[in-house]
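Numbering (full-length UniProt numbering), first residue to last: 1 to 137.
We put the CB at the ideal spot given by N, CA and C, even for glycine.
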């Protein structure tokens, strides 16, 4: 994630707070599509190089660049990263737990600023999209 991911949640949170202040019931939803190859690369890089490390914000600032470099130069790692992204998208518990560790570390500073939200993975939308396809939407 980067600062660009914060714009729509901040605008949405502001609008939600205004509506709540006006006694309107608000369902807060924000989708940040972070379950693609980039996250697969980072998770695989963590698994290979630092399996026991507690992930910190500083760690996340440095290692995505290293994982991208490895992805670009190592065909085997590229396949593993792509496979890791698919496993994450399909709800593999090991990959979901790694994603949760990364997401919670990354999003804690946002929560500390008072932005309220429930954090769920993109897989929660899979049944909705599957149902939509079944009825032709």
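Same chain, Cβ closer than 6 Å to residue i, neighbours up to 5 away in sequence not counted
{"i": "residue 78", "result": "71"}
{"i": "residue 41", "result": "67, 71 and 81"}
Same chain, Cβ closer than 7 Å to residue i, neighbours up to 5 away in sequence not counted
{"i": "residue 17", "result": "none"}
{"i": "residue 37", "result": "81, 82 and 85"}
{"i": "residue 19", "result": "26"}
Whole-angstrom C-beta distance between residue j and residue i, which should lie under 8 Å
{"i": "residue 43", "j": "residue 98", "result": "5 Å"}
Of the listed residues the options, nearest to residue i (C-alpha basis)
{"i": "residue 27", "options": "96, 88 and 12", "result": "12"}
{"i": "residue 89", "options": "39, 48, 21 and 64", "result": "39"}
{"i": "residue 74", "options": "45, 94 and 92", "result": "45"}
{"i": "residue 76", "options": "14, 21, 15 and 48", "result": "48"}
{"i": "residue 63", "options": "102, 112, 95 and 21", "result": "102"}
Proximity of residue i and residue j at Cβ, strictly below 8 Å
{"i": "residue 8", "j": "residue 30", "result": "yes"}
Beta-carbon contacts of residue i that lie in its chain and below 8 Å, excluding the five residues immediately before and after
{"i": "residue 14", "result": "none"}
{"i": "residue 112", "result": "none"}
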